[in-house]
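Protein chains: 2
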Amino acid sequence: MKNKAYLNCLPRDEAQSMWRKSLSERGYFDRLPVESLPVTAALGRVTASTVYAKQSVPHYNGSAMDGIAVYAPDTFGAQETAPKKLTLLPPSSPFTPGGCYVVDTGDAMPAGTNAVIMIEDVHIAGGMAEIIAAAAPWQHVRIIGEDIVTGELVIPEHHVIAPVDIAALLATGLERLDVVKKPKVAVIPTGDELVATREELQPGSILDVNSHMLAAAVTEWGGEPIRKPIVKDNREAIEQALLESLAESDMVIINAGTSAGREDYTAHVLGAIGEVLVHGIAIKPGKPVVLAICQGKPVIGLPGYPVSAMLTAELFVRDILLARQKLPSQEPPQVEVTLAKAVTSTLGMEEYIRVSIGDVQGKRIAAPLSRGAGMISSLTKAQGVIRVDGGSTGLPAGFSMPVTLLRKHKPARTILSVGSHDLALELLGLHLRRQLKNVALSCANVGSMGGIMAIRNKEAHIAGIHLLDEHSGRYNVPFVKKYLPDLKGCLVHLAMREQGLIVSPGNPKGIRELRDLVRPEVTYINRQRGSGTRMLLDYELGKAGITPAAIAGYDKEVGTHMAVAASVAAGTADAGLGVRAAAQALALDFVPIAHEQYDLLLNFAPDDDCLQAIIVSLRSEDFRREVEHLGGYDLRNAGKIISVDG
Amino acid sequence: MKNKAYLNCLPRDEAQSMWRKSLSERGYFDRLPVESLPVTAALGRVTASTVYAKQSVPHYNGSAMDGIAVYAPDTFGAQETAPKKLTLLPPSSPFTPGGCYVVDTGDAMPAGTNAVIMIEDVHIAGGMAEIIAAAAPWQHVRIIGEDIVTGELVIPEHHVIAPVDIAALLATGLERLDVVKKPKVAVIPTGDELVATREELQPGSILDVNSHMLAAAVTEWGGEPIRKPIVKDNREAIEQALLESLAESDMVIINAGTSAGREDYTAHVLGAIGEVLVHGIAIKPGKPVVLAICQGKPVIGLPGYPVSAMLTAELFVRDILLARQKLPSQEPPQVEVTLAKAVTSTLGMEEYIRVSIGDVQGKRIAAPLSRGAGMISSLTKAQGVIRVDGGSTGLPAGFSMPVTLLRKHKPARTILSVGSHDLALELLGLHLRRQLKNVALSCANVGSMGGIMAIRNKEAHIAGIHLLDEHSGRYNVPFVKKYLPDLKGCLVHLAMREQGLIVSPGNPKGIRELRDLVRPEVTYINRQRGSGTRMLLDYELGKAGITPAAIAGYDKEVGTHMAVAASVAAGTADAGLGVRAAAQALALDFVPIAHEQYDLLLNFAPDDDCLQAIIVSLRSEDFRREVEHLGGYDLRNAGKIISVDG
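Chains as they are written, first to last, in UniProt numbering: chain A, 1 to 646; chain B, 1 to 646.
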């Protein structure tokens, strides 16, 4: 084995430059496959060489005005006090001294003429044209090559063809164009657990989605993907697939088998067939990356989790692919953001965290999304990614830093909802989007107390809260008074909603009340600390005199009502407190415990059209119907402003 | 006719909003044709409706670690001082109390187990697994729906599908996706002068390049172009083509016939078939635009010159096309620039001027390109466009203003060459590009004196100069001393070059010396004031005692050597002073007049790698050979630094 390194955990920038340099030294970027295309089919392609004009533009001397074409010396001496008359000649008749022709803009100058007089300055009558000023030779004439002369550079090499370039190429006489051939990139999905179709799915197997995602990324970066069939975790099979791919492509991506586990063969195979430059990079997610060169071509092993695979492709595939097409590195735009909440980070690892981004009262806020490498939802929700340096152990909330923007088409405005989770918020987002084009609602579920803090720190537009004050028995207002004494925005009622125990269909364990949770055969699934639902549970347990420690599963926390319902549906828990709508969504049973008041803290300037749109949505019949349809909601007072002074 | 307006010259923004509002009122943006595609083919497409998960992710309870799967209560009480032993069960055997299974990351949790202990924390021997700590229920288990729960929103409506979205859609069980159908846009080229192929070209006819350019622009903006055959300037034929196009498309572009001339039928046809909202907009170039609605669809007449057609398409087609796809307006990025030279502007007209852009000593400079509406070269050379307000009569050099960037793939650095034109500069640009990836050389030809001024105002990196001081007989140095006493950069020799009279092949008029230019049958073509060539001519004429007024054509100025040669080749002039290379390029004859010294003023910081690269290029054998091959050049001292102190 020629492995230079094995899980060596190189810093990211060192790995990138070693990778690029090694490929460069082997002449990878100099071998430039070229293909010839009709100019009209070359939009977006990269010129292989400099293009020179085969024909001048304009290609003839033409009139630049509507008027008469004259021989300039015939007009000398004409003036207002002493007009001259020229004879109008029929269009294709030969020129005679003292003659002229009527011409339109773009007409070829008739032989014998060398200037144009604008029609406005000519008086035509009786077959004669009377002029009152002399014409300078070549006035109002577009002469051959005035724009581009034969032999001049039209388009430089390694230039991406835009619509205007097509016009220039055609006008200068080019019909076909040599362009850089799209680099072929083979994508080999590997893994015993992978299946290609939904029909083959079963517990323990995973649908191969990465190879489609990576193929699409290759397409976006100008390459031509070749998606190979799934290969089992088998050294010979992987070797076979790699050799086949090398024969038909310019670059190979193997996904995954890149760790150092029992069945991780990627690094071994690459070491046997070529040279492994790097195995293991100090980034999170995405550490198990293999960078290799086989038969002079780059071969990269990417980790298996979707978030890791995408991130490492962006770091190690994109620039190589662009350079292979002679294109500059794409530096995605960056903007400065303030972190909505603290992030922790592992010392020695460069960490990449996906965020959603919104402007709150003039501050651009980034709300970190869930960080698991397997969390596909964090990929789709992300609008940007922040990078935490390897030398850092984390960043505090309120920290200001650059974020790299991920989406080409971004919504003009993202409304950040940071607080308690409720299914009605998603519907509110859709209603908002219908009223205000190009607005997106991004929800970070951090519980009611987290929402209040986000509003206090001006790091959210909306916070859903349902906090019961044990003393007054009132919802929300006491908390707003206490934590947001200077609230500039307002508190708006959304719904009364039913909370209860979500249980399996038919309630097989016969759970009727909270006391049933302490039965030994019952496993509970809990919500996170700081969430209104958790506070409601603790309040109700206290009232009933039940010790939390007596409940199996009390320590297992999830972040949303739907996650509670999903745990029950999956059989990992027998019960969990949540809203009726979550139970109904997954066809589970529901044991009502309490009705609670769910309100929205809105942090907008009074004249913000979003504020107006939210109130209008909340009060609309459509919204009420759709939310009540979810089950367990009462929206009769939705949209009512709640006084926090009283 | 229902024409509301006829060449009414509406302000651009009013026209835009009236256009959009009228289409909106007619429900144009609400009719949303939809098509269903495989998710894997949906990259870059726009979702027609919100997509909800059909399946949870993960879809089963799986191990999140390599280790052993256990029933948590079996492990309670295990500690370092009191280990517990569990029986290793074969993979598919039923669970028995006190048993455990070996699992890899991603494996389904075997029935009966509810927690995973990491392999590192287990000692396996003799069919038993020894553990030294209790496992909490559901530790290291990825539970069903942890990422996305069935029924949750995956992708909102009107969202552009990125590679990560494909992964999320597939993972949540979606195989096909409803996307917005690409709007079909018919492009009808009209004009008696247009021909479809090069073979048909003759003086007075023009190759139809606009329809290809506009079709490519439609493609870039997400539409599907339908290029129609060329239609003659004939009212019935245009009407026929329009009706046909309306039947098969969502939008129609007619190019051109939009003025108010004899043969401009577009507005008439649109008024007869539908309603003309606007005819004539107060912009330059591009005034004759017709905005109409026919059969509920937008129909736009664009002017015929390529620069006008492209600009007005960007202003009036792009946003409508994007809105039809439910996409937000694309606001191309803007940056702040300083104008390299003054621009004039017509009061009451909003003017759009294309520019090249380069950073000179920390100042971002925009050099205006030639402004003719027919100048295709200004389209390909432009990196940005500036907008001069209708209330302005022009802007001074040095004015600071925003520029809209035009190219998606821009060179990292543009080197601005502002000064005398020489063919060797284009070759220098190619050599530079080879040494420094991603550098582009942009040449503005303003003559030697213009170049000196540009360097003085820090508005150029390079200025080519060839200025003869009549008193000392020296080239360039006296001018640098006089006008650039504080020059921070340096003066570098490029070449000795031969200037002479460019004449037709075989020199039919027998031109042997400057004195022949005063012969009545000889027409001259001149270079612009301030150019070194013009100064050389005037110097030589003075020496020979020839009055400029005696030379026919002395007043007709063009901006480059190649334009002089092109005029001679076209027969619009019999002679013009220029370099031998220009004559040679167009196979013309050449009557030598003088040898002159052509040098480059270089305005770079001493450590700028561009400076180094230029010197290296100038001194290279390849460059010398290529330039000398142009004809009339002597590069033996190329790259020598010229002292301006001596």
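Note that CB positions come from ideal geometry on N, CA and C, so glycine has one too. The model shown is predicted, which means the values in this text are computed figures rather than measured ones.
Opposing strand residues paired with residue i [DSSP bridges]
i      : result
B:Y633 : B:R497
A:P333 : A:P333 pairs with nothing; no bridge assigned.
B:N526 : B:E557
A:I117 : A:I68
B:Y101 : B:A69
B:Q79  : B:A82
A:M251 : A:V185
B:V579 : B:Q499
A:V644 : BP columns for A:V644 are empty, so no partner.
B:S442 : B:L416
Terminal residues of the alpha helix (DSSP H) in which residue i lies
i                      : result
A:R456                 : G447 to R456
B:Y265                 : Run containing B:Y265: none; DSSP gives neither H nor E here.
B:Q612                 : D609 to R619
residue 647 of chain A : Lying before the first or after the last residue shown, residue 647 of chain A is absent from chain A, which here runs from 1 to 646.
A:E314                 : P306 to F316
B:A292                 : Run containing B:A292: none in the alpha helix (DSSP H); it sits in the beta strand (DSSP E), V290 to C294.
Residue i in three-state terms, based on DSSP
i      : result
A:F479 : helix
B:H123 : strand
B:R20  : helix
A:R387 : strand
B:Q435 : helix
B:H595 : strand
A:L109 : First, the residue type needs correcting, since residue 109 of chain A is Met and not Leu in the sequence shown. Coil, per DSSP.
A:M401 : strand
B:F590 : strand
B:P163 : helix
A:L174 : coil
B:I353 : strand
B:R142 : strand
B:V154 : strand
First and last residue of the uninterrupted beta strand (DSSP E) at residue i
i      : result
A:I465 : I462 to I465
B:E224 : E224 to R227
A:P129 : According to the sequence displayed, residue 129 of chain A carries Ala and not Pro. Where A:A129 is concerned, the enclosing beta strand (DSSP E) stretches over M128 to I131.
B:E275 : E275 to H279
A:K381 : Per DSSP, A:K381 belongs to no beta strand (DSSP E); it is in the alpha helix (DSSP H), I376 to K381.
B:V299 : K297 to L302
A:A366 : K363 to P368
A:T40  : Per DSSP, A:T40 belongs to no beta strand (DSSP E) and is neither H nor E.
B:S417 : R413 to G419
Beta-carbon proximity check, residue i vs residue j, cutoff 8 Å
i      : j      : result
A:P505 : A:L321 : no
A:M375 : B:V149 : no
A:L214 : A:V187 : yes
B:T523 : B:A552 : yes
B:V403 : B:V343 : no
B:A594 : B:V278 : no
B:V503 : B:D574 : yes
Assumed close pair residue i, residue j - CB separation to whole angstroms, cut-off 8 Å
i                      : j      : result
B:G358                 : B:L416 : 4 Å
A:S420                 : A:G532 : 5 Å
B:G280                 : B:T190 : At roughly 18 Å, the Cβ-Cβ gap does not stay under 8 Å, so B:G280 and B:T190 are not in contact.
B:V116                 : B:M65  : 5 Å
B:K84                  : B:T75  : 6 Å
A:M109                 : A:V141 : 6 Å
residue 689 of chain A : A:K381 : One cannot answer for residue 689 of chain A here, as it falls past the ends of chain A, which runs 1 to 646.
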